[in-house]
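Notes follow once the structure below has been shown.
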Amino acid sequence: MTPFLYFLAAAGVLAALFGLCAYGMTWRENRKRRRKEERIAALRRTLTPYDFYRTVPSAVNQSFSFGPMQAGDRVRIRRAFTDYNGNCYAAGEEFFFACTYFLPYDDGYTLFISYDGREISCICLQLRSEAQWDICVAAEEYFEVILPRL
């Protein structure tokens, strides 16, 4: 056999090994993703919506804090404001904070809150000067933690 044939044989073996490794890694990642989805689905079935969103990290863009608020805190609104959707929130309103999602393509924050500790509502804020910029950058002026998380 010539050296070129040895080279081709070695290249073929290496290509086959690379293909097997890539397949194994893909299979393992898919299995890991499926197990995570099954675990999240089981938690979603057993927990209330509020408890699910305040305890389970289910997305990359999810955060369990916003300004002075942490997941599980009871919060009072200090200053009245209107959110991105036009919903008005009066000073003195109280709710439980669950989590927040940041949507970078829209500069938007979605705050997941609960008035009763079970069902979820949303406050949508946009991080732009013509919208709710002041609320996003100085949240402590608008929200006051009255009862720390449980």
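Everything in the sequence shown is counted per UniProt numbering, starting at 1 for the first residue and increasing by one. Every residue gets a Cβ at the ideal spot worked out from N, C-alpha and C, and that includes glycine.
- Message: I need the DSSP call for Thr-46, collapsed to helix, strand or coil.
- Response: DSSP places Thr-46 in helix when its eight states are reduced to three.
What separation, rounded to the nearest whole angstrom, lies between the Cα atoms of Gly-12 and Gly-19? Note on geometry: alpha-carbon atoms of Gly-12 and Gly-19 lie some 11 Å from one another.
Worksheet item: Taking the Cβ atom as the reference point for each residue, do Arg-78 and Ala-59 lie within a distance shorter than 8 Å?
Response: In this structure, Ala-59 does not lie closer than 8 Å to Arg-78 by Cβ.
Margin query: Taking the alpha-carbon of Glu-94 as reference, which of Arg-76, Tyr-6, Gly-108 has the nearest alpha-carbon?
Written below: Residue Arg-76 holds the alpha-carbon nearest to the alpha-carbon of Glu-94 among Arg-76, Tyr-6, Gly-108.
Would you decide whether Gly-24 is buried or exposed? Buried here means 16 or more other CB atoms lie within 10 Å of its CB. The residue in question, Gly-24, is exposed, as its Cβ has fewer than 16 Cβ neighbours within 10 Å.
*Do you know how far the Cα of Tyr-105 is from the Cα of Ala-98?*
Taking the straight line joining both Cα atoms gives about 22 Å.
CA nearest to the CA of Ala-139, picked from Pro-68, Ala-41, Gly-117 = Ranking the options by Cα distance to Ala-139, first place goes to Pro-68.
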